[in-house]
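Protein chains: 2
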Amino acid sequence: MKVGNQTIVFKNKPKIIGSYSVAGEKEGYGNFKEYFDYVLKDDKFGEKTFEKAERKIIEHTIFKAIDSANLTVADIDLLVSGDLLNQIISSSFTARHFDSTFIGLYGACSTMAESLAIGACMVDAKHFINVACATGSHFSTVERQYRYPLELGNQRPPVSQWTVTGAGCSILSLKGKSNIRISSATFGKVTDYGIKDANNMGAAMAPAAMRTIITHFEDTKSKPEDFDLILTGDLGKLGSEIFLDLMEHHGYKLGNNYNDCGQMIYNNNQKTFQGGSGAGCSAVVLNSYIFKKLQEGTFKKVLFAATGALLSPISSQQGESIPGICHAIVLERSDD
Amino acid sequence: MKVGNQTIVFKNKPKIIGSYSVAGEKEGYGNFKEYFDYVLKDDKFGEKTFEKAERKIIEHTIFKAIDSANLTVADIDLLVSGDLLNQIISSSFTARHFDSTFIGLYGACSTMAESLAIGACMVDAKHFINVACATGSHFSTVERQYRYPLELGNQRPPVSQWTVTGAGCSILSLKGKSNIRISSATFGKVTDYGIKDANNMGAAMAPAAMRTIITHFEDTKSKPEDFDLILTGDLGKLGSEIFLDLMEHHGYKLGNNYNDCGQMIYNNNQKTFQGGSGAGCSAVVLNSYIFKKLQEGTFKKVLFAATGALLSPISSQQGESIPGICHAIVLERSDD
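Chains as they are written, first to last, in my numbering: chain A, 19 to 354; chain B, 19 to 354.
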C-alpha cells in the first residue's frame, strides 16, 4: 500500500463563512435534531416526486447557506456539487437557479469532502471569491435507484445502513468573518478489497478511509492525538469497527476522538441497523453539529474524511466488487 | 445573461506531455482515421459486456497516454476522470488500476474539458506533478442507458447524433517536453433554454456553448480572430448552426476558424445524421487531430469548448427540460 503525496496544505486557509443543513423527518428524531437548521415536515417537501424533492432540498440548502454568509446569489462565483442520482441531476438542475459557474462531481457519499477540497483549492488560489460546496441525498430516491422499489417492502439485512434524507452546503471564501478554516485537503485513492455485498457498504469503504487517513498523517507528519475529532463519512457501526481494526493493523490505535457520521446521526431506537449513509449523511452532520462545535470552541481541529462506495446497479449485476474512496479535509478553529 | 469572471489564466501554463486516443470501429472509418492512436477491431475489446469494454478502452487509453509521456503508472499523482455511465463506473473502476489519487467528475460530454480544466488548476498550483485527464464513451452502453435497448432497433430521428465509441487521455505536467500548453480555462454555467427532446442534444447544449465562449472572450479581452480554431464539443451539425446563430445574435460572427467535434468526426456516408456525440467524441478528436495539428504548428491557439447535456432518463420521464453546460480551455503552441 503506497501512501503519501496526496495532501494539499492551503496557503490562505479558506474560511467557511456560511453553512446550512436541511434534514428529513426521520433524521429530525435522531441525535442532532437541535443542530439541524431545518427539519422537513414532509419528505416530499411539497413536490410531486422524491427526485424533485431531493433537488428542492439541495436548492433550499444552498440558498439558505448563501443567506447565512450575508451574501446574495449574485455573490457566488462557483458551485461545486454532486449527488447520488444518475447523472447527478439534483445538482445539475439545482445549478440552473444559480448564476454561477458549476463543477459537477461524482464521489458517491464522499461528495461533501470532495466538493470542499476542490472548492478550497479554487478559493486558496484566488480563482473564485465565494464558492458554494453542496451535496445531499434522499432515502426514497436512493433506495429505488440503487436497490429495490420501496413498494416491494424488501427486508433490510442487518449489515445495511439507512440513506439519510438531507442536504448540506458550506460557503468558502477568503473574505468575510468566520473562525473555521480549511487548512489542508487529502484527495483519496480508489481502493477495492473485493467486497461484493451492496448492502454492506461500510465494509467496502473502510479500507479507503484507512488509506486516506494514514496518508494524511504521513503527509502532514501529524498523529491521531493532534485532532479533537477524526470523523469518517458514513461507514456506519460495522464499517467503523472494520476501519478501526484496519487502522490498528497499520499501527494506528484511534481513541475516543474517533467517530463516524453514519454511526452518530440516528439513535438506537430508530432501527437503522448500522446507522446512516448517503451523500447527505456527512453533509448534514458537518454543516450542523461539527461546525457549531468548532464555532463554540469545543473542537479546535477536525479531520473530516467522507467515504464513498463507487458501485452502480449495473456493476453489481455484472459481478463486480465495490471500490471505495475517501477524501479528507482538515477544519481548524482560529479566532478570525 | 450575466457573463464574465469565470476564467482562470494559468501562471505556469501546464504542458500536455502525453496523450492517447482509442476509437471504435465505426469512428475508424471516419474523418480522423489516420490521427487516432488505436482503432478497435471489435467494439467489445475482448470483454463480455459493453460496459466492461468501455472501461477497458478508458484504462488502455490512460496506460498508453502515460507511456507516451515517457512516464510510468507510479509517476501519475492524480487521475481526473468521468464518463456517461451511471455513477461513472467506467472511471471509478478504471481508477483501481492506478495508484494515484482520483477526482471523479460528472460533466456529461463536457468531461474532457472539465477534467483538463481541473487538472490544469492542480498542476498550475503545483499540488500534483503529473496529472492524467481522461474520459470516454461507448455507443452501445450509452444507447441502452439513456434511450432504448439496442435490440429494439428503434428508428433514430433526423436530429439525433451518434454516440462515439472511444476514449482520450492527456497527461499534464510542468515537467517534461511538450510544445502544447494550457494557458487558461473557463468553467461554464448551467444553461437551460427549455429544450425537452432528448434526441436533440445539440440544441440543448448550444446556448451553454455560446455563453461560455462569449464569457471567455470578455474575460480575456480576446476576439474570435485570435484563435486558429474555436472548437465546440459535440453540438453536431444542427447544434453548431444554432450556436452560430446565437453567437451572431450576441454580436459575434464566427468565421472559418469555427468547427465542432461532433460535426467533424464522421464522414457524410456514415449515416450518423447530425454527427457524433458522447464524452468520447471531443476526447478522441482533441487527443488525436487537434494535438497533432498543434504539435506540427498548423494551429497555434485553439479554444476547446466541450459541451454537455445534463439530462437523465429520470429527468426526461418527469417532464424536465435539458440543462446544458460548456467548459473551455485554451491550448497554445509554444516552442518548449
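The C-beta atom is built at its ideal place from N, Cα and C for all residues, glycine as well. Keep in mind the model is a prediction, meaning the values are calculated, not measured.
Chain B partners of residue i, CB-CB under 8 angstroms?
i, result
"Thr67 of chain A", "Gln336"
"Lys70 of chain A", "Gln336"
"His145 of chain A", "Ile26, Cys139"
Using 10 angstroms around the beta-carbon of residue i, count the other beta-carbons present and answer buried if the total reaches 16, otherwise exposed.
i, result
"Asn305 of chain B", "buried"
"Ala131 of chain A", "buried"
"Gln16 of chain A", "There is simply no residue 16 of chain A to check, as chain A begins at 19 and stops at 354 in what is shown."
"Gln335 of chain A", "exposed"
"Leu170 of chain B", "exposed"
"Thr316 of chain A", "exposed"
"Thr79 of chain B", "buried"
"Gln105 of chain B", "buried"
"Leu190 of chain A", "buried"
"Pro32 of chain A", "buried"
"Asn148 of chain B", "buried"
"Asp142 of chain A", "buried"
"Glu69 of chain B", "buried"
"Gln173 of chain A", "exposed"
"Tyr38 of chain B", "buried"
"Gly22 of chain A", "exposed"
"Glu45 of chain B", "buried"
"Ile166 of chain A", "The amino acid at residue 166 of chain A is misidentified as Ile; the sequence shows Tyr. It counts as exposed."
"Gly206 of chain B", "buried"
"Lys193 of chain B", "exposed"
"Thr271 of chain B", "This sequence places Lys at residue 271 of chain B; Thr is not what is there. Label assigned to Lys271 of chain B: exposed."
So residue i contacts chain A; which residues on that side make the cut at Cβ distance below 7 angstroms?
i, result
"Asn104 of chain B", "Asn104, Ser330, Ile332"
"Ser110 of chain B", "Val208, Leu328, Pro341"
With DSSP as the reference, identify every bridge partner of residue i, one or two as the case may be.
i, result
"Ile80 of chain B", "Answer by DSSP bridge pairing: none, since Ile80 of chain B is not bridged."
"Cys151 of chain B", "B:Val98, B:Ser188"
"Arg351 of chain A", "A:Ile198"
"Asp322 of chain B", "It should be pointed out that residue 322 of chain B corresponds to Phe in this sequence rather than to Asp. In the DSSP output, where bridge partners are listed per residue, Phe322 of chain B has B:Leu249, B:Ile347."
"Thr316 of chain A", "Thr316 of chain A pairs with nothing; no bridge assigned."
"Tyr211 of chain A", "Tyr211 of chain A pairs with nothing; no bridge assigned."
"Ser34 of chain A", "Looking at the sequence shown, residue 34 of chain A is not Ser but Ile. According to DSSP, Ile34 of chain A bridges with A:Leu190."
"Ala327 of chain A", "A:Gly342"
"Ser12 of chain A", "Past the boundaries of the shown model lies residue 12 of chain A; chain A is included only from 19 to 354, so the question cannot be answered."
"Ser39 of chain A", "A:Gly186"
"Tyr284 of chain B", "Partner(s): none; Tyr284 of chain B has no beta bridge."
"Gly294 of chain A", "A:Trp180"
"Thr204 of chain A", "A:Thr25, A:Ala346"
"Val57 of chain B", "B:Ala41"
How would you list, in chain order, the residues of chain A whose beta-carbon sits under 8 angstroms from the beta-carbon of residue i?
i, result
"Leu123 of chain B", "Ile121, Gly122, Leu123, Tyr124"
"Phe205 of chain B", "Leu96, Thr119, Phe120, Ile121"
Using a Cβ cut-off of 7 angstroms, pull out every chain B residue sitting near residue i, in sequence order please.
i, result
"Cys299 of chain A", "Ordered by position in chain B, no residue passes the 7 angstroms Cβ test against Cys299 of chain A, which lies about 17 angstroms from the chain."
"Arg114 of chain A", "Val208, Asp210, Pro341"
"Asn23 of chain A", "Asp95"
"Phe157 of chain A", "Near Phe157 of chain A there are no residues of chain B at all, since even the closest Cβ is about 16 angstroms away, more than 7 angstroms."
Span of the alpha helix (DSSP H) holding residue i?
i, result
"Lys44 of chain A", "43–46"
"Asp263 of chain B", "254–267"
"Asp142 of chain A", "129–142"
"Ala227 of chain B", "219–238"
"Val160 of chain B", "157–164"
"Gly122 of chain A", "Premise fails: Gly122 of chain A lies in the beta strand (DSSP E), 119–122, not in any alpha helix (DSSP H)."
"Ile332 of chain A", "331–335"
"Gly298 of chain A", "297–303"
"Ala113 of chain A", "107–113"
Sorry if obvious, but does the Cβ on residue i come closer than 7 angstroms to a heavy atom of the ligand ADP?
i, result
"Pro176 of chain B", "No copy of the ligand ADP occurs in the structure displayed, which carries no ligand at all."
Could you check where the beta strand (DSSP E) with residue i kicks off and where it finishes?
i, result
"Ile26 of chain B", "25–27"
"Tyr276 of chain B", "276–278"
Tell me, please, whether the CB atom of residue i is closer than 8 angstroms to any CB atom in chain E?
i, result
"Phe54 of chain A", "Within the model displayed, chain E is absent; protein chains A and B are what it includes."
In chain A, what lies closer than 9 angstroms to residue i by C-beta?
i, result
"Ile200 of chain B", "Those do not exist, as Ile200 of chain B stays about 14 angstroms from chain A at its closest Cβ, beyond 9 angstroms."
"Gly100 of chain B", "Gly122, Leu123, Tyr124"
"Ile189 of chain B", "Going along chain A, no residue has its Cβ under 9 angstroms from Ile189 of chain B, so there is no contact; the nearest lies around 17 angstroms."
Contact between the stretch 145–156 of chain A and the stretch 179–195 of chain A (3+ Cβ pairs under 8 angstroms)
yes
Is the stretch 192–201 of chain B close to the stretch 132–146 of chain B, with three or more CB pairs under 8 angstroms?
yes
Sufficient close CB pairs (3 or more, under 8 angstroms) joining the stretch 121–128 of chain A to the stretch 280–300 of chain A
yes
Any contact of the stretch 48–57 of chain B with the stretch 158–165 of chain B, i.e. 3+ C-beta pairs under 8 angstroms?
no
Do the stretch 93–106 of chain A and the stretch 212–221 of chain A meet, that is, are 3 or more Cβ pairs less than 8 angstroms apart?
no
With three or more beta-carbon pairs closer than 8 angstroms as the criterion, would you say the stretch 61–69 of chain B touches the stretch 317–335 of chain B?
no
The stretch 223–232 of chain B in contact with the stretch 263–283 of chain B per 3-pair CB rule at 8 angstroms
yes
Taking contact to mean 3 or more Cβ pairs, one atom from each stretch, closer than 8 angstroms, check whether the stretch 240–257 of chain A and the stretch 206–213 of chain A are in contact.
no
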